[in-house]
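These notes concern the structure reproduced below.
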Amino acid sequence: MASQRNNNKAHSKSKQASLEAWFKAVSHYVAGKPLVRTTDGYMVPWDRGAIVRQLLRETKLAEEFFDVQPMSIRDAEEIAREAEKRILGMRAKFVSGALIRELVNNILLERSEEHPEYVIYRNILTRVGAPVYDAYLIDLGLGFEAKENANLQPNAETAHKKKADKLSKEEYLLLLHPKVADAHLKGDIHIHDLEYFGVRPFCQDWDLRYFFYYGLMPDGTGLKTSAAGPAMHPEVAVLHSVKVLAAAQTNFAGGQGFYNYNVFLAPYLKGLSYKQIKQLAQMMFYELTQAYVARGGQLVFSNIQLTPTVPQIWRDKPVVVRGRVGPETYGDYEEESRLFFKAIYEVALQGDHWGKPFNFPKLEGYLTPE
């Protein structure tokens, strides 16, 4: 025990000596001014001009989002001189870019009564994110929105998403008109999935015929993913449908779905037994609920629209199958469509290997007057 305590003390002293050596190495003035630890981790000499350039560059967003003119060079230089004066008054050995930024923001707020536009500048210039302690709580599955989404469970990817969510939500609230942001925060309005508000649409329904004619490129270009031609076999057609829903999670905030799922797949089922059709339905469910790869480590949020018969509107429309259009119509595949409808609901009622219901896809039964 005594040996263990001595080892711990020696380790503690070693860490302290190492920290002191590092601090001594970086703690020196350049021409009487502190070094600056930049956001990307470098130690650089003090440069007041960097503040000026930052103000001129970043306040351009005021014009883009709020129709407010960017800061003038004269005002930027005045703010930078005041910030430098305060920094030098601290007599600090080195300062961080974050500290300089918040000091500049403080000056903007102090002068906002005389210059109202400075409030907008401050919103744009401030940092978004989280304190280290809050970020650590997210790593533990605690803290920020830990119980916000029932589709997420604690894992490394979820923690990463939560950190990104926090940053994005702060960003978009600061870039919205203050009245709109306040209305959301007070609950007068609700911006759903705020973390994606600036860059993603919400939900999307897709048309399977597009992919059955052109094939599938999950990234939309084929540059990063492989490019597949139109499905020639029923198994491939079902798998393509799953991959479309999964890939779309990248560019949309909400659920992804297909309308007329059983109707548009019916031409691929010609000649199959009911057992084979049911196996395809089961494959679809398992593929969607075992692809644990969607936003933040969750299942593919998905839904499919099902109709017990071929709707009248589609009965005389040419089928799209194996890269061609027609000559058959969807009305020619009434039996296959009915069997696939039945198989999907049977699999859904049976559930997985444990008898647990499948979380996805959500089934949307579509009934027509006929």
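For the sequence shown, my numbering begins at 1119 and goes up steadily by one.
Virtual Cβ for every residue (Gly too), placed ideally from N, Cα, C.
Remember, predicted model here, so these are calculated numbers, not experimental data.
For residue i, the three-state DSSP class (helix, strand or coil)
i	result
Thr-1343	coil
Phe-1212	strand
Lys-1203	helix
Val-1246	coil
Leu-1303	helix
Leu-1312	helix
Arg-1442	strand
Ala-1180	helix
Gln-1430	helix
Val-1317	coil
Gln-1187	coil
Leu-1334	strand
Ala-1264	coil
Asp-1470	coil
Lys-1281	helix
Ser-1391	coil
Glu-1232	coil
Gln-1271	coil
Leu-1457	helix
Phe-1370	coil
Glu-1068	Missing from the structure shown is residue 1068; the chain here goes from 1119 to 1488 and no further.
Leu-1226	helix
Residues bridged to residue i (per DSSP)
i	result
Thr-1447	Pro-1436
Asp-1323	Gly-1375
Lys-1480	Asn-1421
Val-1154	Val-1162 and Val-1213
Ala-1529	For residue 1529 there is no data in the structure shown, the boundaries of the chain being 1119 and 1488.
Ala-1412	Gln-1416
Given residue i as reference, the closest of the options once Cα atoms are compared
i	options	result
Arg-1413	Leu-1390, Thr-1486 and Asn-1269	Asn-1269
His-1295	Trp-1432, Asp-1311, Leu-1481 and Phe-1184	Phe-1184
Ala-1466	Gln-1408, Thr-1447, Gln-1400 and Thr-1427	Gln-1400
Asp-1257	Tyr-1404, Lys-1279, Thr-1427 and Arg-1240	Lys-1279
Gly-1333	Val-1439, Gln-1322, Tyr-1451 and Leu-1217	Val-1439
Val-1170	Ala-1366, Thr-1157, Glu-1464 and Ile-1191	Ile-1191
Leu-1227	Gly-1215, Ser-1214, Asn-1241 and Ala-1216	Asn-1241
Glu-1453	Glu-1266, Glu-1232 and Phe-1382	Phe-1382
Gly-1159	Gly-1415, Val-1213, Leu-1174 and Met-1208	Val-1213
Tyr-1463	Asn-1380, His-1302, Leu-1217 and Ala-1264	Asn-1380
Val-1356	Asp-1337, Gly-1340, Leu-1292 and Pro-1385	Pro-1385
Trp-1164	Ala-1194, Glu-1196 and Lys-1203	Lys-1203
Asp-1283	Tyr-1314, Ala-1349 and Ile-1307	Tyr-1314
Pro-1352	Thr-1368, Tyr-1377 and Leu-1398	Leu-1398
Trp-1472	Asp-1193, Tyr-1404, Ala-1210 and Ile-1225	Tyr-1404
Asn-1477	Gly-1441, Glu-1266, Ser-1455 and Leu-1406	Leu-1406
Glu-1488	Gln-1468, Phe-1459, Pro-1479 and Ile-1431	Ile-1431
Tyr-1410	Lys-1460, Thr-1276 and Lys-1342	Thr-1276
Gly-1441	His-1358, Val-1428, Tyr-1331 and Ala-1366	Tyr-1331
Phe-1329	Met-1208, His-1358 and His-1310	His-1358
Supposed contact pair residue j and residue i - C-beta distance, whole angstroms, cut 8 Å
i	j	result
Val-1418	Ala-1364	5 Å
Glu-1288	Val-1246	4 Å
Leu-1424	Glu-1482	7 Å
Tyr-1451	Lys-1388	7 Å
Lys-1151	Leu-1206	7 Å
Cβ-based neighbour list, residue i, same chain, cut-off 6 Å, excluding 5 preceding and 5 following
i	result
Val-1186	Ala-1180, Glu-1235 and Ile-1238
Phe-1370	Arg-1318, Pro-1319 and Gln-1322
Gly-1259	Pro-1272
Val-1443	Pro-1436
Gly-1347	Gly-1333
Leu-1293	Phe-1183
Arg-1166	Ala-1198 and Glu-1202
Close Cβ partners of residue i (< 7 Å) along its chain, the five nearest in sequence each way excluded
i	result
Arg-1433	Thr-1447, Tyr-1448 and Gly-1449
Gly-1373	Cys-1321, Phe-1419, Ser-1420 and Asn-1421
Gln-1416	Asn-1269 and Leu-1270
Ala-1253	Lys-1281
Glu-1176	Ile-1242 and Leu-1243
Thr-1343	Met-1335, Pro-1336 and Asp-1337
Same chain only: Cβ atoms within 8 Å of residue i, ignoring 5 sequence neighbours per side
i	result
Lys-1361	Leu-1334 and Pro-1336
Glu-1220	Thr-1244 and Arg-1245
Ala-1216	Thr-1157 and Arg-1245
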